[in-house]
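Novice: Before we start, here is the structure in question, set down as structure tokens.
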Amino acid sequence: MKPEPATTLVDELRRAVREVGAPEDFEPGLERPRDTSHGDYATNAALVLSGRLGEPARDVANRILQAFDKEAAGVMEIEVAGPGFLNFRLRDAVYWRGLLRILKADHAYGRSARDRPRAVNVEFVSANPTGPLHVAHGRGAAIGDVVASLFEWTGDAVTREFYVNDAGRQIDLLAASVEARFQQRVGEEAELPEGGYMGEYVRELADRAIQEEGLERLLGMEPEERVVLFGKLAIRWVREGHERDLDDFRVHMDLFREESGLYTRGEIEGVLERLRAGELIYEEGGATWLRTARFGDEKDRVLIKSDGSYTYFLPDIAYHLDKRSRGFDLAVDVWGADHHGHVGRMKAALPALELPEDFLEVVIIQLVTVTRGGKEVRMSKRAGQFVTLRKLFEETGVDVARYFFLMRRAEVPMSFDLDLALDTSEANPVYKIQYAHARLCSVFERASLRPEEARATEEELAELRRESEREIAKSLQRFPDVVLGAAQARAPSQVCAYLERVAGLVNAWYHEGNLDPSLRIIADGPARPGRLVLARAVQITLRNGLRLLGISVPQRMDREE
RNA sequence: GCGCCCGUAGCUCAGGUGGAUAGAGCAUCGGCCUUCUAAGCCGAGGGUCGCAGGUUCGAGUCCUGCCGGGCGCACCA
Numbered sequence: 012m013k014p015e016p017a018t019t020l021v022d023e024l025r026r027a028v029r030e031v032g033a034p035e036d037f038e039p040g041l042e043r044p045r046d047t048s049h050g051d052y053a054t055n056a057a058l059v060l061s062g063r064l065g066e067p068a069r070d071v072a073n074r075i076l077q078a079f080d081k082e083a084a085g086v087m088e089i090e091v092a093g094p095g096f097l098n099f100r101l102r103d104a105v106y107w108r109g110l111l112r113i114l115k116a117d118h119a120y121g122r123s124a125r126d127r128p129r130a131v132n133v134e135f136v137s138a139n140p141t142g143p144l145h146v147a148h149g150r151g152a153a154i155g156d157v158v159a160s161l162f163e164w165t166g167d168a169v170t171r172e173f174y175v176n177d178a179g180r181q182i183d184l185l186a187a188s189v190e191a192r193f194q195q196r197v198g199e200e201a202e203l204p205e206g207g208y209m210g211e212y213v214r215e216l217a218d219r220a221i222q223e224e225g226l227e228r229l230l231g232m233e234p235e236e237r238v239v240l241f242g243k244l245a246i247r248w249v250r251e252g253h254e255r256d257l258d259d260f261r262v263h264m265d266l267f268r269e270e271s272g273l274y275t276r277g278e279i280e281g282v283l284e285r286l287r288a289g290e291l292i293y294e295e296g297g298a299t300w301l302r303t304a305r306f307g308d309e310k311d312r313v314l315i316k317s318d319g320s321y322t323y324f325l326p327d328i329a330y331h332l333d334k335r336s337r338g339f340d341l342a343v344d345v346w347g348a349d350h351h352g353h354v355g356r357m358k359a360a361l362p363a364l365e366l367p368e369d370f371l372e373v374v375i376i377q378l379v380t381v382t383r384g385g386k387e388v389r390m391s392k393r394a395g396q397f398v399t400l401r402k403l404f405e406e407t408g409v410d411v412a413r414y415f416f417l418m419r420r421a422e423v424p425m426s427f428d429l430d431l432a433l434d435t436s437e438a439n440p441v442y443k444i445q446y447a448h449a450r451l452c453s454v455f456e457r458a459s460l461r462p463e464e465a466r467a468t469e470e471e472l473a474e475l476r477r478e479s480e481r482e483i484a485k486s487l488q489r490f491p492d493v494v495l496g497a498a499q500a501r502a503p504s505q506v507c508a509y510l511e512r513v514a515g516l517v518n519a520w521y522h523e524g525n526l527d528p529s530l531r532i533i534a535d536g537p538a539r540p541g542r543l544v545l546a547r548a549v550q551i552t553l554r555n556g557l558r559l560l561g562i563s564v565p566q567r568m569d570r571e572e
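Take a look at the structure:
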């Protein structure tokens with residue numbers, strides 16, 4: 012699983028450490044120092060062992076150094092540094108060989124397998140079908156989509172799922188809102204119901220109903236009948252809008268799972284029976300409660316209200332049981348910040364249903380504010396005017412919108428800077444990465460070489476002597492590890508940070524050739540084949556990284572002039 | 001009041017699960033255009049990592065307590 016250079020090093024280190032008297036259970040750790048003067052890898056083994064061996068750390072380090080077989084591990088140089096670190100500098104050949112491996116892996120570079128792949132369900136967006144998707148949904152969509160991809164890239168099987176709350180009271184409210192707009196349209200006095208939906212789209216729904224169903228027919232209906240029809244139509248149309256928005260935002264759901272199905276299939280009743288049998292529910296004040304407090308929630312929660320209707324919590328429990336019974340090993344729910352209060356109760360419900368505690372994982376997406384000219388673009392759902400996801404990505408482009416949502420950690424509230432998003436210079440991190448890729452495409456064009464045909468022997472690669480080249484080769488080889496780490500942390504932002512860093516190194520390398528033409532990638536000389544292979548390896552890594560993020564990989568960046 | 005999240009450069013934020021001298025972009029200042037695309041490049045200044053303790057050889061990172069901000073605390077969804 013670990014990249015090649017590290018494995019051989021760790022093996023040898025493990026052996027050397029045993030030789031100096033480390034206990035059997037001791038595992039030496041290997042890290043990559045930030046500072047390149049500290050070598051390619053470093054270990055703190057001596058620092059950790061010094062306590063257990065009762066010997067100064069630097070002495071332990073020196074003994075490990077003596078025991079270490081450099082030849083076997085592809086190490087050029089070892090030094091004892093600071094309080095007792097061992098710094099390893101690998102032979103350059105290790106990195107040049109790594110470049111050839113990248114070329115060979117090509118589209119698979121960055122992907123890894125798992126001994127036992129898991130079936131993972133990533134549920135995200137899950138917007139109520141009562142209005143268009145807005146920017147916060149967009150952030151959840153981008154992050155959920157890439158978290159799902161990260162599972163795929165690291166060897167799990169993933170289902171992308173959207174939970175449709177098509178059964179609750181908010182649907183009735185939407186229907187009543189459409190009815191009110193309909194009344195107004197035909198010249199009647201009508202007011203939106205209490206808590207109704209005020210958005211402009213409600214008027215559009217009413218108009219569309221008139222257009223498609225015919226005014227005569229609608230007017231001829233009993234109001235109750237008409238409201239039911241409006242409800243059905245509104246849900247259908249709003250959902251179609253959601254699917255279209257997501258599609259255009261390059262988010263492709265495998266499944267839209269409907270809440271209403273939980274009722275018709277009797278899954279809700281099944282849950283109630285199960286809980287009743289386990290004596291986990293009780294009645295009080297006319298309502299039916301679940302003993303979530305027993306499982307770590309702050310208090311018990313109502314499942315059935317005293318008027319006999321169900322709370323949202325009950326179908327949600329059934330839904331998670333449904334996920335489990337469909338064979339998933341892990342359910343990752345991506346929720347908006349306004350739902351974080353539900354994490355405790357949902358997690359408490361799992362053991363009540365005898366589901367493993369780690370079956371459910373919740374990623375909370377914090378709020379997004381959109382700023383233009385340094386000022387916040389207001390979005391107020393109550394006033395019915397908000398920035399829809401579609402409007403946002405139509406203005407910035409899908410690449411930019413996705414990237415901006417992805418580059419920040421989910422748990423920090425972010426501001427979406429429209430000015431930066433619309434900036435087409437390399438100040439915009441998306442372009443910085445895409446541009447680095449496009450530049451190298453252009454280099455290959457200049458070299459009259461198809462990128463797939465880049466070839467170099469190890470001897471030719473050894474002609475790469477510049478520090479920038481070594482640095483790039485080194486950082487490219489981190490990619491699989493970065494993907495693994497990001498997957499583990501459920502943090503697409505780590506991939507963004509990595510790609511920006513690589514793009515920065517690459518752009519600097521490229522620009523060395525502006526000042527000194529002999530340093531150009533296509534400049535004639537013994538280093539040319541190696542440079543082209545390095546360029547190819549960069550292309551592959553950036554391309555795969557962008558693909559992972561669902562961002563396009565342009566061959567060229569056309570500039571307007 | 002309770003819970004979750006956040007607090008890192010003037011601003012927006014990274015910081016690879018505890019390492020060595022804390023990074024990027026924007027903004028500011030200085031230099032560079034007949035380029036393998038200068039919508040760019042090179043460089044400079046700018047930090048008590050909210051505060052106080054603790055664990056550790058070693059803390060922006062882990063623990064505790066405060067302070068500040070956001071969100072949530074329904075028989076709403």
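12 is the number of the first residue of the first sequence in this note's numbering; add one for each residue after it.
A virtual CB, placed ideally from N, CA and C, is assigned to each residue, including glycine.
Predicted model, so just to flag it, every value in this text is computed and none were measured.
Does the pairing of the region 287–297 with the region 266–279 give three or more beta-carbon distances under 8 Å?
Specialist: no
Novice: Hey, how far is the Cα of residue 312 from the Cα of residue 300?
Specialist: 5 Å
Novice: Would you mind stating whether residue 51 and residue 45 have Cβ atoms separated by less than 8 Å?
Specialist: no
Novice: Is residue 152 closer than 8 Å to residue 257 when the C-beta atoms are compared?
Specialist: Taking 8 Å as the cut-off, the Cβ atoms of residue 257 and residue 152 count as close.
Novice: Suppose contacts are defined by Cβ-Cβ distances below 8 Å. Is residue 154 in contact with residue 376 by that definition?
Specialist: yes
Novice: Determine contact between the region 490–505 and the region 532–546, defined as no fewer than three beta-carbon pairs at a distance below 8 Å.
Specialist: no
Novice: Would residue 188 be called buried (16 or more neighbouring beta carbons within 10 Å of its own) or exposed?
Specialist: buried
Novice: Select from 94, 74 and 103 the residue whose C-alpha is nearest the C-alpha of residue 88.
Specialist: Of all alpha-carbon atoms in 94, 74 and 103, the one lying nearest the alpha-carbon of residue 88 is that of 103.
Novice: In terms of residue numbering, what span does the beta strand (DSSP E) encompassing residue 549 cover?
Specialist: Where residue 549 is concerned, there is no enclosing beta strand (DSSP E), although the alpha helix (DSSP H) it sits in stretches over 539–560.
Novice: Since residue 292 sits in a beta bridge, which residues does DSSP pair it with?
Specialist: The bridge partners DSSP lists for residue 292 are 301.
Novice: If you draw a straight line from the alpha carbon of residue 31 to that of residue 101, how long is it in whole angstroms?
Specialist: 22 Å
Novice: Mark residue 399 as exposed unless 16 or more other C-beta atoms lie within 10 angstroms of its C-beta, in which case mark it buried.
Specialist: buried
Novice: To the nearest angstrom, report how far apart residue 515 and residue 523 are at their CA atoms.
Specialist: 13 Å
Novice: Mind checking which residues open and close the alpha helix (DSSP H) that includes residue 231?
Specialist: 226–231
Novice: Reducing DSSP to helix, strand and coil, say where residue 197 ends up.
Specialist: coil
Novice: Using the Cα positions of residue 348 and residue 378, report the straight-line distance between them to the nearest angstrom.
Specialist: Those two C-alpha atoms are separated by around 7 Å.
Novice: May I have the straight-line CA-CA distance separating residue 305 from residue 207, to the nearest angstrom?
Specialist: 37 Å
Novice: Measuring straight from C-alpha to C-alpha, what distance separates residue 33 and residue 63?
Specialist: 8 Å
Novice: Using a threshold of 8 Å, state whether the C-beta atoms of residue 165 and residue 192 are closer than that.
Specialist: no
Novice: Three or more beta-carbon pairs under 8 Å between the region 541–556 and the region 464–472, yes or no?
Specialist: yes
Novice: Which term fits residue 327, buried or exposed, when burial requires 16 or more other beta carbons within 10 angstroms of its beta carbon?
Specialist: buried
Novice: In whole angstroms, what separates the C-alpha of residue 96 from that of residue 425?
Specialist: Whole-angstrom Cα-Cα distance: 38 Å.
Novice: Mark residue 526 as exposed unless 16 or more other C-beta atoms lie within 10 angstroms of its C-beta, in which case mark it buried.
Specialist: That one is exposed.
Novice: What residue does the beta strand (DSSP E) around residue 139 start on, and which one ends it?
Specialist: No beta strand (DSSP E) contains residue 139, which DSSP labels as neither H nor E.
Novice: Residue 120 lies in the beta strand (DSSP E); which residues open and close that run?
Specialist: Premise fails: residue 120 is in no beta strand (DSSP E) and is neither H nor E.
Novice: Please state whether the Cβ-Cβ distance between residue 551 and residue 441 is less than 8 Å.
Specialist: For residue 551 and residue 441, no; Cβs fall outside 8 Å.
Novice: Name the residue from 49, 485, 317 and 270 whose alpha carbon lies nearest to the alpha carbon of residue 332.
Specialist: 270
Novice: Can you name the residues that DSSP bridges to residue 399?
Specialist: 145
Novice: Who are the Cβ neighbours of residue 418 in its own chain at under 7 Å, not counting the five residues just before and after it?
Specialist: 440, 504 and 507
Novice: What do you get for residue 567, buried or exposed, if any count of 16 or more other CB atoms within 10 angstroms of its CB means buried?
Specialist: It is exposed - the Cβ of residue 567 has fewer than 16 other Cβ atoms within 10 Å.
Novice: Using a Cβ-Cβ cut-off of 8 Å (strictly less than) and excluding sequence neighbours within five positions of residue 279, which residues of its own chain qualify?
Specialist: 273, 321, 325, 326 and 329
Novice: Determine, using beta-carbon pairs with one atom in the region 140–149 and one in the region 169–185, whether at least three such pairs fall under 8 Å.
Specialist: yes
Novice: Based on Cα-Cα distance, which residue from 121, 370, 404 and 459 lies nearest to residue 433?
Specialist: 404
Novice: Between which two residues does the alpha helix (DSSP H) holding residue 444 run?
Specialist: 440–457
Novice: For residue 188, list the residues DSSP reports as bridge partners.
Specialist: In the DSSP output, where bridge partners are listed per residue, residue 188 has none listed.
Novice: Mind listing, in chain order, the continuous alpha helix (DSSP H) runs of no fewer than 4 residues lying wholly within the region 310–365?
Specialist: Assignment of alpha helix (DSSP H) within the region 310–365, counting only whole runs of 4 or more residues, yields 324–336 and 354–363 in chain order.
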